[in-house]
Amino acid sequence: QVQLVESGGGLVHSGGSLRLSCAASGRTFSSYYMGWFRQAPGKEREFVAALRWSGGSTYYADSVKGRFTISRDNAKNTVYLQMNSLKPEDTAVYYCAAGLSGHNYNYWGQGTQVTVSS
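Its first residue numbered -18, the sequence shown is counted upward by one per residue in the working numbering.
What follows is the structure, encoded as structure tokens:
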């Protein structure tokens, strides 16, 4: 059974940093894309960043380029999202996802709340 468990969310002041973690289990993810998405209240879920587990290619939404970094730890089967220079508009529930395609994610975590105060 595939499980994606996010952690690391919280409340931070504008300009601060947080690191989200996504612990993946239940299968081998070497062929997968791992993505981070977010959903703010009243808004649709949006793509934040993705990483191809094999090879490590990374992709970012324009809104987070230069501020967020996605990475992985193969030994821990964990994907991270380092978020720097946070803004109030980054406030959302952040979800980890896994899929064989960068455009179609089959597995989702439960989400972790990130709140950035101004």
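The C-beta atom is built at its ideal place from N, Cα and C for all residues, glycine as well.
C-alpha gap between residue i and residue j, whole angstroms
i: TYR14; j: SER99; result: 33 Å
i: ALA73; j: GLY(-3); result: 15 Å
i: SER(-5); j: LEU67; result: 5 Å
i: ASN65; j: VAL97; result: 11 Å
i: GLU27; j: ALA42; result: 9 Å
Enclosing beta strand (DSSP E) for residue i [first to last residue]
i: TYR76; result: 73 to 80
i: VAL95; result: 93 to 98
i: LEU(-15); result: -16 to -12
i: GLY(-9); result: -9 to -6
Short Cβ contact (8 Å threshold) for residue i with residue j
i: GLN91; j: GLU(-13); result: yes
i: THR(-10); j: THR93; result: Checking the displayed sequence, the identity of residue -10 turns out to be Gly instead of Thr. Contact: yes.
Could you tell me which uninterrupted beta strand (DSSP E) segments, each at least 3 residues in length, are contained entirely in the segment -4 to 63, listed from first to last along the chain? -1 to 6, 14 to 20, 27 to 33, 39 to 41 and 49 to 54
At a cut of 8 Å, does the segment 23 to 35 reach the segment 73 to 87 through at least three beta carbon pairs? Contact holds: three or more Cβ-Cβ distances are below 8 Å.
Decide yes or no for the touch test of the segment 37 to 50 against the segment -18 to -10: beta carbon pairs closer than 8 Å, at least 3 of them. Under the three-pair Cβ rule at 8 Å, the segment 37 to 50 does not count as touching the segment -18 to -10.
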